[in-house]
Amino acid sequence: MAKLEPQKGSLWHAYRRKWATERKHHPDVDVAEAGGWKTIETLKTAYQQADPETMLRVVLEAGELREAQ
């Protein structure tokens with residue numbers, strides 16, 4: 773294994789949450805497969821978390837507005 777000590781009260785979940793959160797910008801299906809999650813729903817609801825850097829990018833990065841068709 774990676775020779776990491778389990779976090780008190782969380783076993784390996786803290787490391788898996790960090791790993792999943794750092795990969796939010798990759799396709800969900802690839803992150804779930806690489807991380808060993810059986811469903812994307814589990815990855816997104818239990819492991820990926822909001823983080824300050826990504827939230828700031830969401831606020832500051834303007835998308836192109838288009839007229840409705």
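Take this note's numbering: the final residue in the sequence shown is number 841, and no numbers are missing along the way.
Quick reminder that beta carbons are idealized off the backbone N, C-alpha and C, glycines included.
Three-state secondary structure assigned by DSSP to residue i
i      : result
Asp823 : coil
Glu839 : coil
Arg829 : helix
Ala818 : helix
With 16 other Cβ atoms within 10 Å as the buried cut-off, status of residue i
i      : result
Gln820 : buried
Val761 : Because the chain is modelled from 773 through 841, residue 761 falls outside the range shown and cannot be assessed.
Glu825 : exposed
Leu783 : exposed
The alpha helix (DSSP H) enclosing residue i, as first and last residue numbers
i      : result
Glu805 : 800-807
Given residue i as reference, the closest of the options once Cα atoms are compared
i      : options                        : result
Asp823 : Thr811, Arg838, Trp784, Glu794 : Glu794
Tyr787 : His798, Gly807, Thr817         : Gly807
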